[in-house]
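Trainee: Chains as they are written, first to last, in this note's numbering: chain A, 1 to 141; chain B, 142 to 273. The structure that follows is given in the form of structure tokens.
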């Protein structure tokens with residue numbers, strides 16, 4: 001979505017509305033059987049390339065494994081929560097456990113150029129498009 | 142908690158308040174764990190995507206208010222094609238009891254998880270009474 005909104009105060013709200021409108025998008029095909037639901041992810045397009053961003057709070061990058069094969073990316077790992085020993089729990093909303101999720105992107109990606117960055121509880125995957133899959137611009141004579 | 146079960150997805154809870162903010166944006170409630178030990182109350186909140194400078198914790202009139210803003214400049218140039226969750230600022234407030242020493246609150250942020258330790262006031266800590 002081009003950031004040409006003239007009102008700088010509204011940009012976040014419009015970005016949030018744009019995110020909402022792609023909730024029912026079927027861009028991501030149904031992938032291999034290990035497709036769980038966690039972590040929820042957002043897929044963006046940056047030019048020709050694909051960027052996948054997901055929220056993984058409380059998970060260190062050593063606890064996540066990212067594997068790529070063809071157009072499929074597999075994310076697996078575990079999230080753990082530690083309480084002190086003699087802790088009385090007043091409220092518990094965070095969850096812990098394992099996750100294993102696979103997604104298949106409908107464009108061909110270059111598996112050697114895939115980069116992953118995990119910081120501040122956000123895991124971002126940068127998936128560059130394979131050279132042979134890029135659309136060719138045709139000059140109009 | 143050594144159960145190897147699959148993690149569930151928690152939908153972000155949006156704050157629907159009666160007052161409007163001056164800058165329109167959606168605010169969400171961060172998932173919070175609160176637990177109590179002998180000398181402190183610990184509040185743990187999940188605020189992924191928030192950097193240390195964008196978190197505001199303050200106590201006023203016995204109310205602890207936490208506001209964590211995301212910087213969405215990194216989303217510049219990205220066009221959404223498929224989304225499963227929304228992105229926004231986080232805010233949550235709690236009323237503190239007078240058993241807590243409101244001057245001594247420490248906070249640290251790790252991997253998108255904010256941990257606040259609120260020490261209990263001296264009088265509220267358990268004391269052993271010696272019998273003479």
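Even glycine gets a Cβ: it sits at the ideal position worked out from N, Cα and C.
State whether the stretch 172 to 182 of chain B contacts the stretch 86 to 96 of chain A, with contact taken as three or more CB pairs (one from each stretch) at a distance under 8 angstroms.
Mentor: At 8 angstroms Cβ cutoff, the stretches touch.
Trainee: Which word fits residue 230 (chain B), buried or exposed, when buried means at least 16 other C-beta atoms lie within 10 angstroms of its C-beta?
Mentor: It is buried - the Cβ of residue 230 (chain B) has at least 16 other Cβ atoms within 10 Å.
Trainee: Residue 148 (chain B) by DSSP, collapsed to three states: which one?
Mentor: Reduced to three states, the DSSP call for residue 148 (chain B) is coil.
Trainee: Quick one: list the residues of chain B neighbouring residue 98 (chain A), beta-carbon separation under 8 angstroms, in chain order.
Mentor: Correct list: 145, 146, 147 and 148.
Trainee: For residue 67 (chain A), is the classification buried or exposed, using 16 other Cβ atoms within 10 angstroms of its Cβ as the cut-off for buried?
Mentor: Residue 67 (chain A) should be labelled exposed.
Trainee: Could you tell me which chain B residues have their CB closer than 9 angstroms to the CB of residue 89 (chain A), listed as they occur along the chain?
Mentor: Residues of chain B passing the Cβ test: 174, 175, 176 and 177.
Trainee: For residue 96 (chain B), return the contacting residues in chain A, with the cut-off set at a CB-CB distance below 8 angstroms.
Mentor: Residue 96 (chain B) lies beyond the residue range present for chain B, which begins at 142 and ends at 273; the question has no answer from this structure.
Trainee: Please report the straight-line C-alpha distance between residue 188 (chain B) and residue 273 (chain B), rounded to a whole angstrom.
Mentor: Answer to the nearest angstrom: the Cα atoms are 51 angstroms apart.
Trainee: Using the Cβ count rule (16 or more neighbours within 10 Å means buried), how would you classify residue 88 (chain A)?
Mentor: The residue is exposed, with fewer than 16 neighbouring Cβ atoms inside 10 Å.
Trainee: Return the residue from the list A:73, A:79, A:134 and A:47 that minimises the CA-CA distance to residue 115 (chain A).
Mentor: Per the Cα distances, A:73.
Trainee: Please list, in chain order, the chain B residues whose beta carbon lies closer than 8 angstroms to that of residue 86 (chain A).
Mentor: By Cβ distance, chain B contributes 178 and 179.
Trainee: Could you tell me which whole beta strand (DSSP E) segments of length 3 or greater appear in the stretch 66 to 119 of chain A?
Mentor: Runs found: 72 to 79, 88 to 92, 97 to 104 and 115 to 119.
Trainee: Below 7 angstroms on C-beta distance, what does residue 28 (chain A) contact in chain B?
Mentor: Within 7 angstroms Cβ-Cβ: 223.
Trainee: Excluding the five sequence neighbours on either side, which residues of its own chain have a C-beta within less than 8 angstroms of the C-beta of residue 39 (chain A), listed in chain order?
Mentor: The residues are 54, 55, 56, 75, 99, 101 and 123.
Trainee: Return the chain-ordered ranges of every beta strand (DSSP E) run that is complete within the stretch 200 to 268 of chain B and spans a minimum of 3 residues.
Mentor: The qualifying runs are 204 to 209, 220 to 223, 230 to 236, 241 to 251 and 254 to 261.
Trainee: Spatial neighbours of residue 28 (chain A) within its chain, please: C-beta separation below 8 angstroms, excluding the five flanking residues on both sides.
Mentor: Excluding sequence neighbours, residue 28 (chain A) sits near 43, 103, 104, 105 and 106.
Trainee: With a cut-off of 8 angstroms, do at least 3 Cβ pairs link the stretch 175 to 185 of chain B to the stretch 209 to 222 of chain B?
Mentor: Touching, no, given that fewer than three Cβ pairs across the two stretches are closer than 8 angstroms.
Trainee: What are the residues that DSSP puts in a beta bridge with residue 50 (chain A)?
Mentor: Residue 50 (chain A) pairs with A:45 and A:127.
Trainee: Mind checking which residues open and close the alpha helix (DSSP H) that includes residue 18 (chain A)?
Mentor: Unbroken alpha helix (DSSP H) run through residue 18 (chain A): 11 to 21.
Trainee: Between the Cα of residue 137 (chain A) and the Cα atoms of A:108, A:120, A:118 and A:48, which residue gives the shortest distance?
Mentor: Minimum Cα distance to residue 137 (chain A) is reached at A:48.
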